Amino acid sequence: MSKFDVTVIGAGAIGTSVAYHLCEKGLKVALIDRGDIASGSSSHCDAVALICDKSPGLDTQMGDASIRHYKELAEKFSYDFEFDQKGCLYVCETESEYEAAAKYAAQQAGDGYDMSMVDGKILSEMEPFMAKDLIGGIWTPGDAAMSPYKVCFAFTAEAKKLGLKVFSYTHIYGIIQDEKGHVTGVDTDQGVIETDRVVNCGGVWAPDIGSMVGIEIPIQPRKGMNLISEQMERICWHKILEFGYMMSKFDDINFKRNVSPLVEEYNVAFNIEYTHANNILLGGYRGFRGFDIRSELEAMKAIAERGLRFFPCLENVNCIRSYAGVRPFVKDHLPIVSHVDEVPGYYIAAGHEGDGICLSPITGKLMAQLITGEGVDFDISKLRFSRFREQVAMGA
Amino acid sequence: MSEFFPDDMIVCRCEEVTVAEIKAAIGEGARDVTGVKRRVRAGMGLCQGRTCEKLVQAILCRELGAAADQVGASSSRPPVRPVPFGQLAKGVVE
Numbered sequence: 001m002s003k004f005d006v007t008v009i010g011a012g013a014i015g016t017s018v019a020y021h022l023c024e025k026g027l028k029v030a031l032i033d034r035g036d037i038a039s040g041s042s043s044h045c046d047a048v049a050l051i052c053d054k055s056p057g058l059d060t061q062m063g064d065a066s067i068r069h070y071k072e073l074a075e076k077f078s079y080d081f082e083f084d085q086k087g088c089l090y091v092c093e094t095e096s097e098y099e100a101a102a103k104y105a106a107q108q109a110g111d112g113y114d115m116s117m118v119d120g121k122i123l124s125e126m127e128p129f130m131a132k133d134l135i136g137g138i139w140t141p142g143d144a145a146m147s148p149y150k151v152c153f154a155f156t157a158e159a160k161k162l163g164l165k166v167f168s169y170t171h172i173y174g175i176i177q178d179e180k181g182h183v184t185g186v187d188t189d190q191g192v193i194e195t196d197r198v199v200n201c202g203g204v205w206a207p208d209i210g211s212m213v214g215i216e217i218p219i220q221p222r223k224g225m226n227l228i229s230e231q232m233e234r235i236c237w238h239k240i241l242e243f244g245y246m247m248s249k250f251d252d253i254n255f256k257r258n259v260s261p262l263v264e265e266y267n268v269a270f271n272i273e274y275t276h277a278n279n280i281l282l283g284g285y286r287g288f289r290g291f292d293i294r295s296e297l298e299a300m301k302a303i304a305e306r307g308l309r310f311f312p313c314l315e316n317v318n319c320i321r322s323y324a325g326v327r328p329f330v331k332d333h334l335p336i337v338s339h340v341d342e343v344p345g346y347y348i349a350a351g352h353e354g355d356g357i358c359l360s361p362i363t364g365k366l367m368a369q370l371i372t373g374e375g376v377d378f379d380i381s382k383l384r385f386s387r388f389r390e391q392v393a394m395g396a
Numbered sequence: 001m002s003e004f005f006p007d008d009m010i011v012c013r014c015e016e017v018t019v020a021e022i023k024a025a026i027g028e029g030a031r032d033v034t035g036v037k038r039r040v041r042a043g044m045g046l047c048q049g050r051t052c053e054k055l056v057q058a059i060l061c062r063e064l065g066a067a068a069d070q071v072g073a074s075s076s077r078p079p080v081r082p083v084p085f086g087q088l089a090k091g092v093v094e
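Protein sequence lines correspond, in order, to chains A and B. Heads up, the first sequence is in our numbering, so the first residue is 1 and it goes up one at a time. Heads up, the second sequence is in our numbering, so the first residue is 1 and it goes up one at a time.
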């Protein structure tokens, strides 16, 4: 087997994008996964790229750049990943939520993003089947949806045209380093893959790939769960979330919602979207359950209850399936897109929690820029792996 | 399989997926029921693979020369049968 410039580990939304962007730079790339393409978190999630759920600053900047990049890729790729710039509504139940939403939208608009407030009347024109008592919401027309696993298939198919070698269903025994610690290869059940560099795109499993070179990557699995409806006539036209969703995402923003104990217990925040095949995806719940991705009946009840509050017409619509997956959670809610000081030739692109699909294109682009040594599109020093060591040193 | 099932035969009735499409998914790298499902939607419809799963498994075994236990099954997920969201929310299925 000939030598590769870079070996990417993990064929999810991040790994396939990193592999594609590296191939685009003319590098010789291998992509390894222990299973199929998109067999982990990227096929157990929902399907959106939003800026309206991002913190102002770097988070929004990356989201916005990623959506723009998605749009270009959708036009360029022959593999259709169902890109749909449907726009997003973030809806408010109370005046105090509306106030906070307006403040947030004004800040984002001030930073130059297309985000504005709509009142209850416009809301009911945009979404005639939605509950009529909502106060209004944030409208972000640029937000988009796509099929998350088709994104992975698309990146892989397009990268193969540029010479990518895919090793699916390949187990890794270890990462080989020279006497100076520099990466020289990956030992697998298909033989040794010689390589100058490795990019760990293992998502929730990234810590396992980290321990192979003696580093500790602080990513934990955080469970998410959704319900799927039968195929049906359109009842919603945009991605819609409740503003209380912020609450389940950021522990420091604490809106008190008027919800049942069950909804509270399962940290359920309403969100809905239609799919390309005309199913409805209804979410969502997040919780820490280790790697257990079984569906939880009580969480299903809570998601259905919360869904009905916003879309009463779901009452007689059939739920045909539930699904759950694990998201790579990092305590400071920022992904790791970085080299590793201790191990020359070792890189990490992981820890995007619920934003892996959204940030897939931009992460791939940035990682390819980091590896080829070109300038990166924006300052990503906050995403460095060394931040965890600094946080420990500072006693954080 | 092909001598029994023509390429244009529909395997997944809900999503109208043919033998030829399933073979193409296998050609793209699918090695199990879930891999086929994600590529061509076989088993993603109203019946959740009740009708087609065994046929998809048979096609996989035939194309890959694999044994039945190597091609897997779709993950079992509730609800067991379609249930209206209204009843699910109440936790009462009539």
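For every residue, glycine included, the Cβ atom is placed at its ideal position computed from N, Cα and C. Since the structure is predicted, the reported quantities are computational estimates derived from the model, not experimental observations.
Starting from THR195 (chain A) and walking both ways along the alpha helix (DSSP H), at which residues does that stretch end? Where THR195 (chain A) is concerned, there is no enclosing alpha helix (DSSP H), although the beta strand (DSSP E) it sits in stretches over 191–200.
As a quick exercise: from A:THR170, A:ASP355, A:ASN200, A:ASP5, pick the residue whose alpha carbon is nearest that of LEU339 (chain A). Going by the sequence as given, residue 339 (chain A) is His instead of Leu. Here the closest residue by C-alpha is A:ASN200.
Is it buried or exposed, VAL392 (chain A), if we count other Cβ atoms within 10 angstroms and call 16 or more buried? exposed
How would you label ARG81 (chain B), buried or exposed, when you count the other beta carbons within 10 angstroms and need 16 or more for buried? exposed
Three-way DSSP call (helix, strand, coil) for PRO312 (chain A) in this model: helix
MET117 (chain A) versus SER124 (chain A): straight-line alpha-carbon distance, rounded: 14 Å
Below 9 Å between beta carbons: does that hold for GLY142 (chain A) and ASP64 (chain A)? yes
Since LEU297 (chain A) meets chain B, which of its residues come closer than 7 Å, beta carbon to beta carbon? PRO78
If you draw a straight line from the C-alpha of VAL17 (chain B) to the C-alpha of ILE320 (chain A), how long is it? 19 Å
Please give me, in chain order, every unbroken run of the alpha helix (DSSP H) with length at least 4 that falls completely inside the segment 127–206 of chain A. 148–161
Suppose you measure from the CA of TYR397 (chain A) to the CA of VAL71 (chain B); what does that come to, to the nearest Å? Coverage of chain A is limited to positions 1 through 396, which leaves residue 397 (chain A) absent and any answer about it impossible.
Close Cβ partners of PRO361 (chain A) (< 7 Å) along its chain, the five nearest in sequence each way excluded: SER17, SER66, HIS69, TYR70, LEU73
Among A:SER2, A:GLY137, A:GLN231, the one whose alpha carbon lies nearest that of ASN318 (chain A): A:GLN231
Along the chain, which unbroken stretches of the alpha helix (DSSP H) at least 4 residues long are found entirely within the segment 292–371 of chain A? 297–310
ILE235 (chain A) versus GLY191 (chain A): straight-line alpha-carbon distance, rounded: 52 Å
What is the DSSP secondary structure of TYR20 (chain A), reduced to helix, strand or coil? helix
According to a CB-to-CB cut-off of less than 8 Å, which residues of the segment 40–61 of chain B neighbour chain A? ARG41, MET44, GLY45, LEU46, GLN48
DSSP puts SER229 (chain A) in a beta bridge; with which residues? A:CYS319
Could you round the C-beta distance between TYR346 (chain A) and VAL183 (chain A) to whole angstroms and report it? I think they count as a contact, below 8 Å. 5 Å
Given a cut-off of 9 Å, decide if PRO221 (chain A) and PHE329 (chain A) are closer than it, judged by their beta-carbon atoms. yes
Straight-line gap, VAL263 (chain A) to MET246 (chain A) (C-alpha atoms, nearest Å): 15 Å
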